[in-house]
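Going by our numbering, the letters in the sequence shown line up with residues 3 to 293, in that order.
In this text, a Cβ means the ideal position worked out from N, Cα and C, and glycines have one as well.
None of the values given here were measured: they were computed from a predicted structure.
Notes follow the structure.
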Amino acid sequence: MKQLTILSGKGGTGKTTITASFAVLARNAVVADCDVDAPDLHILLHPKIVKTQEFRGSKLATINETKCTKCDLCREKCNFNAITENLQIDPISCEGCGVCSLVCQVSAITLTERVSGHAYISETKYGFMAHALLNPGESNSGKLVTLVRQNAKVLAEKEHADLVIIDGSPGIGCPVIASVTGVDAGLIVTEPTMSGIHDLERVLRLLGHFNVRPFVCINMHDINDENTKRIVDFCGENGVEVIGKIPFNPIATEAMVNEKPIVEYASESRIAKKIIEMWKRTVSALKCGSQ
Ligand code: SF4
Ligand code: SF4
């Protein structure tokens, strides 16, 4: 079983559009939405949840009022101002760092795990999907991404799928690292703008660091031929394969508004054909049978 992560340096480059179309085109794959902070793949794939799992990724301090001597030390030492003047813990501000429980001389503070999000296993008309949602204000999205990937892997093994298609989160932070470690390839969706080129270089460095084979897709390549050439030249000089060039077409937005993957919404359009060509090249490069 192969794993492919689709990623981008920032949001809005068309990453989810490509992932959703790949999910339609794959014959035997499991999809994992690892953008757990702001998932949007479900808008296009309409998953029906079959299993929900609580995710406990953080801790919350609790003060035992019977034991507490009201010395105020915990409140002074809390760097997150999470303890009020009347010694109540603010669950939104508490980061679960544990300093308060360390300084309390009478062991009045305990830390308990709390539900910081949910992971889901769902069915879509294109196959199984693993996804999740982190509660607002929660951190530790990297751990939740790892859980989504584990769920996708277990599903893929159970279903004898030969590919896991992972929609990574934008950027190069902790959740992105969690979504690329150990995968067979990373497909970076970029656009021909100066910031797009800069983001592409950063993501390529990240993939290089984790020894992940990179592919590049230039989305809306025809909006700036000069910058597209820059990207192609840069990739050529660095031995990176430009696996697809997708033209600008307002039908991409239309498909999103209609909550459908492009290859389904406008299967005969030029843009859909380009995505199909890129899909074929990708599975062929990965040597997996999910065509
Ligand atoms: S440090 Fe312990 S005893 Fe002091 S106020 Fe906080 S909970 Fe109460
Ligand atoms: S666990 Fe950390 S953040 Fe939460 S109340 Fe204690 S010191 Fe403050």
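Within 7 Å of the C-beta of L75 there is at least one heavy atom belonging to ligand 1.
With a cutoff of 7 Å, T64 does not count as near ligand 1, since its C-beta is closer than that to no heavy atom of the ligand.
Taking a cut-off of 8 Å for Cβ pairs, the segment 61-80 and the segment 151-161 do not touch, as fewer than three such pairs fall below it.
Three or more Cβ pairs closer than 8 Å define a contact, and the segment 180-199 falls short of that threshold against the segment 68-86. When the Cα atoms are used, R58 and G14 turn out to be separated by approximately 30 Å. When Cβ pairs closer than 8 Å are counted between the two stretches, the segment 178-194 is seen to touch the segment 141-150, the count reaching three or more. Pairwise C-beta distances place the segment 119-138 in contact with the segment 17-31, as three or more of them are shorter than 8 Å. The criterion of a C-beta distance shorter than 8 Å is not satisfied by K17 and C290. The segment 132-139 makes contact with the segment 115-123: 3 or more CB pairs, one atom from each, lie closer than 8 Å. At a threshold of 7 Å, C106 counts as near ligand 1, since its beta carbon sits closer than that to one of the ligand's heavy atoms. Between ligand 2 and A84, a heavy atom-to-CB distance of less than 7 Å is present. In terms of side-chain proximity, the C-beta atom of A110 is found nearer than 7 Å to a non-hydrogen atom of ligand 1. Taking 4 residues as the shortest admissible run, the segment 149-182 contains the following complete alpha helix (DSSP H) segments, listed from N- to C-terminal end: 176-182. Every alpha helix (DSSP H) stretch that sits fully inside the segment 37-112 and reaches 4 residues is listed by chain position as 43-47, 75-79 and 101-105.
The beta carbons of V214 and V191 sit no closer together than 8 Å.
Secondary structure of A257 (DSSP, three-state): helix.
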